[in-house]
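Student: Each residue of the sequence shown is one higher than the one before, starting from 1450 at the first, in the working numbering. For glycine and all other residues, C-beta sits at the position ideal for the given N, C-alpha and C. These numbers come from a predicted model, not from an experiment. Sharing a structure with you now.
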Amino acid sequence: MISYQITQWSHELFKLQVRPGGCYVDATMGNGHDTLFLCELAGETGMVTAFDIQKKALLATEKLLKEHHMEEKARLCLDSHTNMEKYLEAESVDGIYFNFGYLPGGDHSLATKADTSVDAINKGLTLLKKGGVLALCIYSGGDTGFEEKDRILECLKNLDEKQYIVIVNTYYNRKNNPPIPAFVVKK
1450 MISYQITQWS
1460 HELFKLQVRP
1470 GGCYVDATMG
1480 NGHDTLFLCE
1490 LAGETGMVTA
1500 FDIQKKALLA
1510 TEKLLKEHHM
1520 EEKARLCLDS
1530 HTNMEKYLEA
1540 ESVDGIYFNF
1550 GYLPGGDHSL
1560 ATKADTSVDA
1570 INKGLTLLKK
1580 GGVLALCIYS
1590 GGDTGFEEKD
1600 RILECLKNLD
1610 EKQYIVIVNT
1620 YYNRKNNPPI
1630 PAFVVKK
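Right under this line is the structure:
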């Protein structure tokens, strides 16, 4: 339940910052719900590029988009988010959406890792237009989740304040390490 609430809340904050009809990236495709959200936001004139290393994620996303008649709005890439700069130009993206961790319902041993996640964040920042937003849902737990969370938060904390606004949220009264929604706006 908490993950759904965080996602809905995060989507609403994301919509406040980006312009409809833009160029968006779903850096961690998963089951396709964020890709679908971005496709709806893209409308008639925008486009979404989505990444995942798991074929299962790509197939689930493809199915979901077809069910909603959105398959033409997205380019699905069976590739790591660390390679997003191979698909998109610098300063061409209005918004990037990350959900770290593992594929819901998938193999928990296949999860995002600290090194590649920080690398992908940094590459994503170069793709953002001025005023663009990076949304991150940071999960912790498992074998590498706490390390990944700490490294991501350290990366965000060290971003140049003259170039970025960073907002990190917490569910202060929730137990069991709830996800942390964070946002980075490029000035």
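#1: For residue 1609 and residue 1635, I'd like the C-alpha separation in whole angstroms.
#2: Have a look at residue 1527 and residue 1520 and give me their C-alpha separation to the nearest angstrom.
#3: Using CA coordinates, which residue listed in 1491, 1628, 1511 and 1541 is at the minimum distance from residue 1572?
#4: If residue 1630 and residue 1618 are in contact, beta carbons under 8 Å, what's the gap, nearest whole angstrom?
#5: Pick helix, strand or coil for residue 1475, following the three-state DSSP scheme.
#6: Mind listing, in chain order, the continuous alpha helix (DSSP H) runs of no fewer than 4 residues lying wholly within the region 1577 to 1606?
#7: Consult DSSP for residue 1539 and reduce its assignment to one of helix, strand or coil.
#8: In angstroms with no decimal places, state the Cα-to-Cα distance between residue 1516 and residue 1487.
#9: Taking the Cβ atom as the reference point for each residue, do residue 1473 and residue 1544 lie within a distance shorter than 8 Å?
#10: For the alpha helix (DSSP H) that contains residue 1504, what are its first and last residues?
Tutor: Let me spell this out:
#1: 10 Å
#2: Taking the straight line joining both Cα atoms gives about 15 Å.
#3: 1541
#4: 5 Å
#5: strand
#6: Listed in chain order, they are 1594 to 1606.
#7: coil
#8: 15 Å
#9: Closer than 8 Å, so yes.
#10: 1504 to 1516
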